[in-house]
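Student:
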Amino acid sequence: MKRRAKTYTISAVAEQFELHPQTLRLYEREGLLKPSRSEGNTRLYTDTDLERLEIILSLTRDLGVNLAGVEIILNMREKMDAMQREFERFFDYLQSHVEEFSQFTESPPPEAGALVPINRINRPIPAKRRAVSGKSTR
1 MKRRAKTYTI
11 SAVAEQFELH
21 PQTLRLYERE
31 GLLKPSRSEG
41 NTRLYTDTDL
51 ERLEIILSLT
61 RDLGVNLAGV
71 EIILNMREKM
81 DAMQREFERF
91 FDYLQSHVEE
101 FSQFTESPPP
111 EAGALVPINR
121 INRPIPAKRR
131 AVSGKSTR
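To convert, note that position 87 of the sequence shown is 87 in the numbering used here; the numbers rise steadily by one, no gaps.
Here it is in structure tokens:
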């Protein structure tokens, strides 16, 4: 049996955070909050929604960020969280294959021969390219 998460109505959330319910509706219209709905179409806020609301209120009340700025900050936080999760998955992958990778440092397999470092060759820049890049032709 799936356990249902605790939810809160708009009036309970408004009272808890000392907001007018219309403010919560505005945040929803602006896409900052996305409460679920009951069968009777009542907004239902989860603990995750309340955590997000706390961030929104901190940004607007404490830091004076406008709603457009809040949207940008929240989107960036989501992207950073996704990048963090991706990094952790990659790190776990590396950790689980560390022995396999260490074999390459001891004796590279024959097919790894194609991966030879190439040193950059310092060649003079043709006069035509020097003129474009702004470097002296002398």
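Idealized CB from N, CA, C, for every residue including glycine.
Quick caveat: nothing in here was measured; it's all calculated off a predicted structure.
Am I right that GLU30 and LEU67 are in contact with their C-beta atoms under 8 Å? What's the rounded C-beta distance?
Tutor: Confirmed, Cβ separation roughly 5 Å.
Student: Applying the criterion that 16 or more other CB atoms from any shown protein chain within 10 Å of the CB defines a buried residue, is VAL70 buried or exposed?
Tutor: The residue is buried, with at least 16 neighbouring Cβ atoms inside 10 Å.
Student: Out of THR9, THR23 and LEU63, state which residue places its alpha-carbon closest to the alpha-carbon of ASN41.
Tutor: Nearest of THR9, THR23 and LEU63 to ASN41, Cα basis: THR9.
Student: Along the chain, where does the alpha helix (DSSP H) that runs through GLY69 open and close?
Tutor: Taken as a continuous stretch (DSSP letters only), the alpha helix (DSSP H) holding GLY69 covers 67-96.
Student: Looking at the structure shown, is SER11 part of a helix, part of a strand, or coil, going by DSSP?
Tutor: Three-state result, SER11: helix.
Student: Is ASP47 closer than 8 Å to LEU33 when the C-beta atoms are compared?
Tutor: Not a contact, by the Cβ cut-off of 8 Å.
Student: If you draw a straight line from the C-alpha of PRO35 to the C-alpha of LEU53, how long is it?
Tutor: Rounded to the nearest angstrom, the two C-alpha atoms are 11 Å apart.
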